[in-house]
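Written below as structure tokens is the structure these notes are about.
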Amino acid sequence: MGRRYLPTFAVGILCPPLSLPLSLYFQRIEPLVPLLSAGPSLIILSINWKGLVDDKNPRFVKAEKFIRPSIYVLGAGSIINILAATLGTALKTGFSSWYAASLIIGLFLPLIGSVLTILGLRASRKSDEKS
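Counting from 1, position 86 in the sequence shown corresponds to residue 99 in the numbering used here; the numbering is continuous, with no gaps.
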């Protein structure tokens, strides 16, 4: 993993284990679920970006029409999750309607991004098998 991707990858690795101690420290439940979801999406985002842009991996390049939107969706999901955790804790909102909406969006965007990645890599593998 190069230096360009290390910060994103490191934050993705640290988000899930730090979500519980942060929740206990602030005595708020708001950061728990969004940070649990932000971690894997940041890891997948950094791997996709590295495979597509830096390494020019042939499978990722063939699947670019799926991988590039996946990167955008995963990035948006990560930002929404981190903002939901930060603002929910700072404003002490509890389980308000905006927190619930951001939680639903923040949980589904990484899922959609992961599905796009899987579909793209499967399509590139099938095109390799046909060749």
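Glycine is no exception: its CB is placed at the ideal position from the N, C-alpha and C atoms.
Just so it is clear, the structure is predicted and the values come from calculations on it, not from any experiment.
Contact under 7 Å by Cβ, residue i with residue j
| i | j | result |
| --- | --- | --- |
| residue 43 | residue 90 | no |
| residue 48 | residue 59 | no |
| residue 94 | residue 50 | yes |
| residue 137 | residue 75 | yes |
| residue 61 | residue 92 | no |
Inter-residue Cα distance where the pair is residue i and residue j
| i | j | result |
| --- | --- | --- |
| residue 68 | residue 18 | 12 Å |
| residue 123 | residue 143 | 30 Å |
| residue 16 | residue 57 | 16 Å |
| residue 112 | residue 135 | 35 Å |
| residue 109 | residue 115 | 10 Å |
| residue 3 | residue 77 | Residue 3 cannot be examined here, being either before or after the span of the chain that is shown, 14 to 144. |
| residue 107 | residue 98 | 11 Å |
Residues near residue i in its chain [Cβ-Cβ closer than 6 Å; skip 5 each side]
| i | result |
| --- | --- |
| residue 52 | 25, 28, 29 |
Cβ separation of residue i and residue j, assumed to be a contact under 8 Å, to the nearest whole Å
| i | j | result |
| --- | --- | --- |
| residue 54 | residue 87 | 5 Å |
| residue 82 | residue 129 | 6 Å |
| residue 79 | residue 37 | Actually they are not in contact, since the Cβ atoms of residue 79 and residue 37 sit about 39 Å apart, beyond 8 Å. |
| residue 139 | residue 41 | Not really, about 47 Å apart at Cβ, beyond 8 Å. |
Interface flag, residue i vs chain D, CB-CB below 7 Å
| i | result |
| --- | --- |
| residue 33 | Protein chain content of the structure displayed is limited to a single chain, and chain D is not contained in it. |
Contacting residues, own chain, Cβ-Cβ under 7 Å from residue i (five flanking each side not counted)
| i | result |
| --- | --- |
| residue 125 | 86 |
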